[in-house]
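Okay, so the sequence shown: first residue is 13 according to my numbering, each after it adds one.
Report on the following structure.
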Amino acid sequence: MDLELALRMCEAALRQAAREGALISVAVVDEGGHLVSFQRMAGARLAGPVLAPAKAYTSVAHGMATAELGRLAAPGGELHGLAGDRFVCFGGGIPLWADYGEGERVVGGVGVSGGTVAQDVSCADAAASVWSTR
C-alpha cells in the first residue's frame, strides 16, 4: 500500500459519497492497520475520524468485511462480544487482498463512516475497486 494509491482510493470513496448525497470520512490502512490516508468531507459527522480508521483496522485484523463481522459479533453469533475498543462491527470496512505467490493475504483495508451503513459500504466498495484494478 502506498500513499498515491491510498489517496486515489479515498477520492473514489468521496466521489461515490457525492453521488449518494452522503458526507463521509474515509481511511486507508496498510497490512498492519496503520493509517496511510484519511479524508473527511466538510460537514461529515463528528465520529467519522474515529470510526473510519477503526473500520479499516478491524477489516485488516479479522480479514473480513466489517458487515460480515457484525453478523458474527451479534448476540448468538460465534464472536458475540467482540465489538468494542478498536473493533467496529458494522458495515463500512473492507480488507484488501493480494497474491504474493504463497497465496492471498490481507495487505490493507479501507473504512468509511458518516452515511447510512449501505452508503458506507457502497463508498468502501468504490475505494476497494481502485485497489482491485490497480
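Idealized CB from N, CA, C, for every residue including glycine.
Query raised in the report: Are residue 141 and residue 63 close, meaning C-beta to C-beta below 8 Å?
Result: Result no, Cβ atoms of residue 141 and residue 63 do not sit closer than 8 Å.
Requested in this report: Using three-state DSSP, classify residue 82 as helix, strand or coil.
Outcome: Correct three-state label for residue 82: helix.
Query - Closest Cα partner of residue 3 within the set 52, 70, 88 and 17 - result: There is simply no residue 3 to check, as the chain begins at 13 and stops at 146 in what is shown.
**Report entry** Whether residue 120 touches residue 43 by CB criterion (8 Å)
**Finding:** yes
Query raised in the report: Whose CA, out of 48, 15, 65 and 38, lies closest to the CA of residue 54?
Result: 38
Query raised in the report: Roughly how many angstroms separate the alpha carbons of residue 139 and residue 96, rounded to a whole number?
Result: 25 Å
Query raised in the report: How long is the line joining the alpha carbons of residue 118 and residue 75, rounded to whole angstroms?
Result: 6 Å
Query raised in the report: With burial defined as no fewer than 16 other Cβ atoms inside 10 Å of the residue's Cβ, what is the status of residue 68: buried or exposed?
Result: buried
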